[in-house]
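What follows is a set of notes on a single structure, which appears directly below.
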Amino acid sequence: MKKTLLLATLALSINAFAQQWTVKTPAPTMRSGCGASVVNNIIYVIGGWNGSNIVGTVEAYNPATDTWSTKTPMPTLRGELGVASVNGKIYAIGGYNGSALNTVEEYDPIANTWAAKTSMPTARSIISVGVINDTIYVVGGWPGGKNTLEAYIPSTDTWVTKASIAVGKMQNNGCAVLNNKMYYIGGKNAANTIWYNTNEAYNPITDTWTTYANLPQALWNGSATVLNNEIHYMGGTDAAYLPNYTNHFVYNSSTDSWSSNALSMLHKRSAHIAATVNGKIYVIGGSDSTNAVVNWNEEYNPGICYVYITVTDTLIINANLTGYNPVTYANTIKIYPNPTNDHITIDYGNYTSLAGYTLKIMNTLSQTVFTTAISASTSYVDLSTWSGNGVYFVHLIDPQSNTVDIRKIVLQ
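Numbering (our numbering), first residue to last: 37 to 448.
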């Protein structure tokens, strides 16, 4: 919404709102090695491995309503595929179902139908894809740790071979497009002996690759997406499958630098997908710290920065508000012991500043299992009668029903 503000001499301050992760409605299907793309602010999650079988399942997540719907399955069951959207259509490319595939299928979200398209020249899985100017670029893959780059043009249903990347590697969902360049981040070799922290960008105008600042950690099977003109790389592993991580790195192309200041994910995971909708990131599915397939769905809200303006004369300011996070909490809570097997103590610090606040504990299905008003400096929560061991999330709720802090606890 755009407004014109007439201001006399004054000081105007906009407070910073904290970044946070929020548990959202889990996906109907647990799976890893899937692909995803966004059309009209809906995230479509396609294919993958459900822990027992390779699937062609298609599920659509609407962040505005926090709801899922099941769509027509993909004709070719496969995982470790590439998924991208162009002009309102979604393209499922390559993948694995016992062998590497070169299959290309187009999904129409309006008609809820699939159509076969021209096959990719190179059969491969564990690939990454990006879209620049209505062309889909596919890089890397298995078998053999490929360095091949091929471009698919949906308008003509044709493929063109482009400049290969210097080192062949495999990486699921490791590409992100920023300022008309496709960044290919991390990966591993076919022998599971080398994990890469490389960050290379493809420029389609010059048909060349350029090396940029390395990812802070050598990783593969993480996920990358763009938010606020920066690339966010989350999770992944630096081994064949385990351990995996909660890490959250942010790349700024204008300074060619990485930051680890972004809030880590709530769960360790790899082989998941990440997508950006309306200024927030959604991380869905993947494999957990035991390599079990999950259906977790978590939302990252980056918050906004401090802005302080001193106006020394009357002026008109035209402002476009693109989004906000209504979190103004500035206290710090401590929870111990964690992990625990019978109780936790929550220390609120300066609890007098938390008048009207509520503490809520939720399970991974977003069900409330404990709630209490904050009226003392600490809360003692008896967990000895709880039957479900595992991960829980402690939410601090302000008087306006905003979640202002969230912490993970583990009941053993």
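Just so it is clear, CB atoms sit at the ideal spot from N, CA and C, and this is done for glycine as well.
Remember, predicted model here, so these are calculated numbers, not experimental data.
- A residue is called buried once 16 or more other Cβ atoms fall within 10 Å of its Cβ, and TYR277, having fewer, is exposed.
- Close CB contacts of SER200 within its chain, under the 7 Å cut and outside five residues either way in sequence, are with ASN183, THR184, LEU185 (chain order).
- If you check the CB distance, VAL213 and ILE168 come in under 7 Å.
- Minimum Cα-Cα distance from GLY258 among the listed residues ASP292, ASN209, TYR287 corresponds to ASN209.
- Excluding residues up to 5 positions away in sequence, TYR173, LEU185, GLU186, ALA187, TYR238, PRO240, ASP243 lie with their Cβ nearer than 8 Å to the Cβ of LYS198 in the same chain.
- By the Cβ-count criterion, TYR393 is buried, with 16 or more other Cβ atoms from all chains shown falling within 10 Å of its own Cβ.
- Minimum Cα-Cα distance from TRP195 among the listed residues TYR97, TRP245, ASP170, VAL203 corresponds to ASP170.
- Remark: C-beta atoms of TRP57 and TYR269 do not approach each other more closely than 7 Å.
- Around the beta-carbon of SER121, 16 or more other beta-carbon atoms lie within 10 Å, marking it buried.
- Taken through DSSP and simplified to helix, strand or coil, THR388 comes out as helix.
- The region 376 to 386 and the region 304 to 319 do not touch, with fewer than three beta-carbon pairs separated by less than 8 Å.
- For VAL446, the closest alpha carbon among the candidates LYS370, THR404, THR376 is that of THR376.
- In the three-state scheme derived from DSSP, where H, G and I count as helix and E and B as strand, ASP193 is classed as coil.
- In this structure the region 412 to 426 does not touch the region 70 to 81; the number of beta carbon pairs closer than 8 Å is below three.
- Taking C-beta separations shorter than 8 Å and ignoring five residues to either side along the sequence, the partners of ALA136 in its chain run GLY130, ALA159, ARG160, SER161, GLY177, TRP178, PRO179, following chain order.
- Residue pairing for THR282: DSSP places it in no beta bridge.
- By the Cβ rule, the region 320 to 336 counts as touching the region 278 to 295, because three or more pairs are nearer than 8 Å.
- Bounds of the beta strand (DSSP E) holding LYS224 are 217 to 224.
- Annotation for CYS211: the continuous beta strand (DSSP E) segment containing it runs 211 to 214.
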